[in-house]
Every structure is written in C-alpha cells, then in structure tokens.
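What follows is one structure encoded as structure tokens, with my remarks underneath.
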Amino acid sequence: MTLKVYDTLRRKKEEFKPVREGKVGIYFCGMTVQDKPHMGHMLAFVAGDMIKRYLRYSGYDVTYIQNFTDVDDKIIAKANEEGLEYQDIAERYIGEYFKYEKELNILPADKYPRATEHIGDIIGMVQKLIDKGAAYESEGDVYFRVRQCSFYGKLSGRKIDELKSGARIETGDSKEDDLDFTLWKAAKEGEPAWESPWGRGRPGWHIECSVMSMKYLGETVDMHGGGQDLVFPHHENEIAQSESATGHNYVNYWLHNGLLNLQGEKMSKSTGHFFSIEDICQEFSGEVVRFYLLSTHFRSRTEFGRDRLKEAEAGFERIKNVCIYLDELSSSAPAEGVESPAANGGERLLGFVDDVEKDFFAAMDDDFNSGEAIGHIFRLVKEINRIKAENPGLLGHDPEAVKRVLSLFGLFDTILGLFRDGLPSSGLELPDEVGLLVAKREEARKEGDWGSADRLRDEILGMGFMVEDGPAGPKIKPLKGH
RNA sequence: GGCGGCAUAGCCAAGUGGCUAAGGCGACGGUCUGCAAAAUCGUUAUCACCGGUUCGAAUCCGGUUGCCGCCUCCA
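At position 314 of the first sequence (counting the first as 1) the number is 315 in our numbering, and the numbers step up by one without a gap.
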C-alpha cells in the first residue's frame, strides 16, 4: 500500500516520497494572530494534525512546524484601538489558539515559531534577495521583483500579464512595478520596528514563512499546508522568494484544505462572517467538532452550520456506544458454557474486521481521505450492533474477537484522534446521590409505580445523567456533551 | 473581465472506467421497551442536462445550465 498525496502545484495525486528517507518535514501556515480563531482555522489545523498522525503511524519521523505571524498591520491597528502594545494582542490570540488546539485534540506542533523571533533571519534572507538582484530597496521598503521571476505564478496558475489589471494600487508607495510585493516594510511613527540595513521597519507578510520553514525543515520542505485562500498570493510569493534565494525547489507537496462556507459565503475575517470556535465549543464538545471536520475530505469545500454539527454528534455517539459496549465485554469475565465462535458467526466478525481495517488504511493512503475512513468505521459499528442484536451472548463468549475489535478502534483513535481521553469505557464514576436515585427508581419500577420512576429519571437527567433501561438493568450514561 | 473548482437520495457526503453507487443524519414501517432512550431489521439514488469516446462511464472528451472560490487581509 502506498501513500498518495494531492499536490496543488502539480494538480494531481502523486505517490509520496520524502526528501530524506523515513523523515517528513511539514510546515503548516498558522494564524496571523489578529482575532479569535474560527472554524475555518480549526479545519486547517485538524487536517494538518490528522495528516501528521497518519504519517507518524505509518512509521515516519515527522517534524511539524506551525507558525504564528505575530506582527502585521491589523494587529498593530487593533493594538492602537485598544491602547495596547501589539504584543498584547498577539499573546491574547495565541492563548486562545492553544486553548482550542487542546479542545480539539490537536497534538502540539514540534515548534511554533513566531515572526518577531526571527527578525535577524528575515533580514538575512531579504539581503540575500537584494544581493541576487531579485529584490530592491526603495525609501526604506524592500520589494520583490515579480516580473523578473520566471516561474512566478506556477502555483496559482496565473500569468504575470493577467495579474496586472487586478493589482492593487497603493498610493504613496515607491515600487518599480505594481506587482512587486513587500519583503520589508519601513516603519511609520509609533509602529513596532526593528533595525535593518534599510532603516527601521518590520517584515512583510510572506517572508516569515519562507524563513521559518527553511530554518527548521531545510531548503526543500516535504509538505507545506494551509487554506486554499493562501494559494495566492501568500504561497505563490513564498515560492518566488524562497526559490529565488536558494535556487532549488521549495516545497514538494502543497496541501490546501478547502474553505468552509457559511450560508453560501466564505467565512471571512474582514466581514465578520464566521463562527468563532469559542462560540461553537459552547454548544458542542471539541471531540464532536473534530469528528465533524474529519468526516469530509479536507480538500473539499463544505457548507458549515450547526445542523451539520448536530448530525455529527449523533453519529459520534454511536461510535462511542459501541466502544463502551466492547469495553464492558472485555472487562467482564467470559461467560460460562462457551460455544464455538466459528459455529455461530465469530468468524464472520473476524473476517469483517479484517476487511474494515484494510479499507480504512486504503482510504487514508488515498490522500488522507478521513471521510471515507470514517465511513468504514461505521460499517464496523453496524456489524457489531447487528451481532449484538442477533446473538447477544456471542461476543461475550469470544474474548479474542473483542480484543481484536477493540484494538482496531484503538488504531482508529490513534490516527484520527477521535477521543481526547482514550477509548470511551464503561467505567463511569457515579456520584453517590445519582446512584441512590437510580436504586430508588428501580424499586419504583418493580412496583409498577411509573409516575415516580419517570420523575426520578428526570431528576437524574437534571444531574447530567441519562438512564437507559435494558434487559440487564438500567444503564447510566453521562449526557451528550458532558 | 481573467483564472480555477463544483453539480451524487429529503439533507450531509465518499466514490474519478467494470462486482448489488460507501457512510452519516432525517423520515416512514417493524422488533425490543411500562413509557422513553439506546440498539437493530426493512424502505428511502442510476449520479444537473445534451451529445461523444468505449465492450462498458457518476467516473474520460465537448457543449449547455446552475452554484461557488481566487484575482484585496484571510485557514
């Protein structure tokens, strides 16, 4: 089985080959910390996390770098508005990000480099570009000469001449050409600034990613990811400046996640048209949000809404229920009078499990298709429930089969990061008072006092627990989302 | 205007040449249940339209229609 990855530049799936045997370097464009993280950001980072987990599982030694761009016009503007330093704004949203990174079970990156911590490296690269004639200084600004870059536009499929009409006209700038983009920006009065050969100033937008990705991952990076909206101009410019500086290929595989739409419109910071992850997490658990995000292919453009999350929650619950059921079976002693599993369908399950495992990995190998992979998980869920309904004793008689299925769910969890605290188990710590109420309710039920029984059930519900009556007595489960 | 993408069931969503078109949600009917919940069984699609290539296409090519994205800060 070989891993295939879709590369934006080549516009097709390619077999994945790392630069260095057994190692993978991934650079994922993180946030420009000018506002709260929203669902679109989280999609990107969950996708990156899933990719990292899968590569690690596949045996690669993965180095994962995710930056923070912590100085830019908007951050400065916001700081001025609130009468704070730009660092205060940056810290605030970096803190927010980390909170939800944890919430969504995103494994920490190996490093979170920040633009302001790499000013020296940035100046070095800008100087190198000037020395090579790819960039020029003008009135304290430094610009990249786009027209001189023969391969400019190869990522986004744009021709330089077509770009001209759309180029923004900035008044008061001193570019040789409208298309040229800023590498270094002269500071105005009162703006954060660093000393440079061109006077006091700060980095332009794209340069920090080139510098930091090459610093930590080498001049040719295996994978570079981000939202599709970064293809142009951000990533295009990164390629232009990086390859002009080094003379060789900057990134081997460009991974771009599809953008989330909201009521037919792209979520966007500038219009305020977005769901912040903070709002969403007040209604749904981070696990559900993550599960939803993984249930469609990361590259497809999807319509986001609360209804989608509710659907995901219902499905996620089913997976959890099966895990709990399996855990109960594995922790209780095998029943007496074991029948031959082969005679009553145990073999059918084992064969099915093998198929599901195979299909799951085939899906993941096909450009990290977590959506399809989750479909296969549901096939397994359904099969277990079917067996449970048709022959309740069967799995209890077959600890080997239970172990096998449980370990497969464990695998799914490692790769997809479904559960923040490991596989859900039946071990539920019931508060004494709840236990008491449950016992009281059982008594009422025995006596046929349904009125009291229902009242007690409501009371237990109020304490955050759900009661489900079954042949083996009542089952208590924490309420969804708790 | 330029470039690009998409169109699969009530909704969401996999599938890019060949077994019965994954899976989820919902709905309806049945089983279970004091009721409920959970679970399960069954039902719920020929892939926007037209033409072409092919033994064979949702899948490739051309056209039509409709949506959307990028071209300006954005995951």
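Cβ atoms here follow ideal geometry from the backbone N, Cα and C, with glycine treated the same way.
Note that the structure is predicted; figures quoted are calculated from it, not measured.
For residue i, collect the residues of the same chain with a Cβ closer than 6 Å to its Cβ; drop the 5 residues on either side in sequence, then sort them by chain order.
i, result
"E469", "K476"
"N238", "F182, H207"
"S157", "V232, F233, E237"
"A45", "G228, N258"
"S211", "E239, Q242, S243"
"V147", "Y153, L180, D181"
Which class does residue i belong to by DSSP, given the choice of helix, strand or coil?
i, result
"W451", "helix"
"A188", "coil"
"L256", "strand"
"G376", "helix"
"Y137", "strand"
"K79", "helix"
"T117", "helix"
"L261", "strand"
"Y61", "coil"
"P204", "strand"
"K176", "coil"
"M51", "helix"
"Y144", "strand"
"I107", "coil"
"T247", "helix"
"V222", "strand"
"V127", "helix"
"H298", "coil"
"V339", "Confidence in V339 is poor, its pLDDT being 49 and thus under 50, which makes the residue's placement too unreliable to answer from."
"Q35", "coil"
"S166", "In this prediction, S166 has a pLDDT of 49, which is less than 50 and means its spatial position is unreliable; what the coordinates show is noted afterwards. Reduced to three states, the DSSP call for S166 is helix."
"E304", "strand"
"D367", "strand"
"Q149", "coil"
Below 8 Å CB to CB, which residues in the same chain sit around residue i once its five sequence neighbours on both sides are set aside?
i, result
"I530", "Residue 530 falls outside the range modelled here, since the chain spans only 2 to 483, and no answer is possible."
"C282", "Y101, E104, V290"
"A246", "M126, K129, L130, K133, A135, S211"
"E434", "M464"
Could you name the residues of the same chain whose beta carbon sits closer than 7 Å to that of residue i, not counting the 5 residues immediately before and after it, in chain order?
i, result
"G408", "Correcting the residue type first, residue 408 is Ser in the shown sequence and not Gly. None."
"L105", "M43, V47, G287, V290, R291"
"A188", "A194, R201, G202, R203"
"D450", "none"
"R309", "Y293"
Going straight from the alpha carbon of residue i to that of residue j, what length do you get?
i, j, result
"R387", "R57", "34 Å"
"R54", "R203", "35 Å"
"R456", "P479", "18 Å"
"E244", "T70", "21 Å"
"D73", "R458", "55 Å"
"E373", "G452", "46 Å"
"R319", "C30", "34 Å"
"I95", "F420", "24 Å"
"L260", "R300", "8 Å"
"D142", "K186", "5 Å"
"E209", "L10", "21 Å"
"E22", "V63", "11 Å"
"N327", "G465", "One detail in the question is off: residue 327 reads as Leu in this sequence, not Asn. Roughly 23 Å separates the two Cα atoms."
"G26", "E16", "16 Å"
"G125", "L417", "40 Å"
"F379", "V357", "9 Å"
"A313", "I52", "21 Å"
"S197", "L85", "25 Å"
"V484", "K14", "What is shown of the chain runs 2 to 483, which leaves residue 484 out entirely."
"K447", "L4", "58 Å"
"W199", "G121", "13 Å"
"V339", "K389", "In this predicted model, V339 has a pLDDT of only 49, less than 50, meaning its place in the structure is not dependable; the value taken from the coordinates is given anyway. For V339 and K389, the distance between alpha carbons rounds to 16 Å."
"R12", "E348", "44 Å"
How far does the beta strand (DSSP E) with residue i in it extend, from its first residue to its last?
i, result
"A315", "Here A315 belongs to no beta strand (DSSP E); instead the alpha helix (DSSP H) covers 307-332."
"D470", "466-471"
"P475", "474-479"
"I27", "24-29"
"P234", "No beta strand (DSSP E) contains P234, which DSSP labels as neither H nor E."
"E16", "13-16"
"K160", "From DSSP, K160 is part of no beta strand (DSSP E); its letter is neither H nor E."
"K5", "5-8"
Following the continuous alpha helix (DSSP H) through residue i, name the residue where it begins and the one where it ends.
i, result
"Q283", "278-284"
"G411", "400-417"
"G1", "Within the shown structure, residues of the chain are numbered from 2 to 483, placing residue 1 beyond reach of any answer."
Under the assumption that residue i contacts residue j (Cβ atoms under 8 Å), give the Cβ distance between them as a whole number of angstroms.
i, j, result
"N262", "E304", "5 Å"
"E384", "F413", "The Cβ separation is near 14 Å, so there is no contact."
"Y251", "T221", "7 Å"
"Y98", "P19", "At roughly 28 Å, the Cβ-Cβ gap does not stay under 8 Å, so Y98 and P19 are not in contact."
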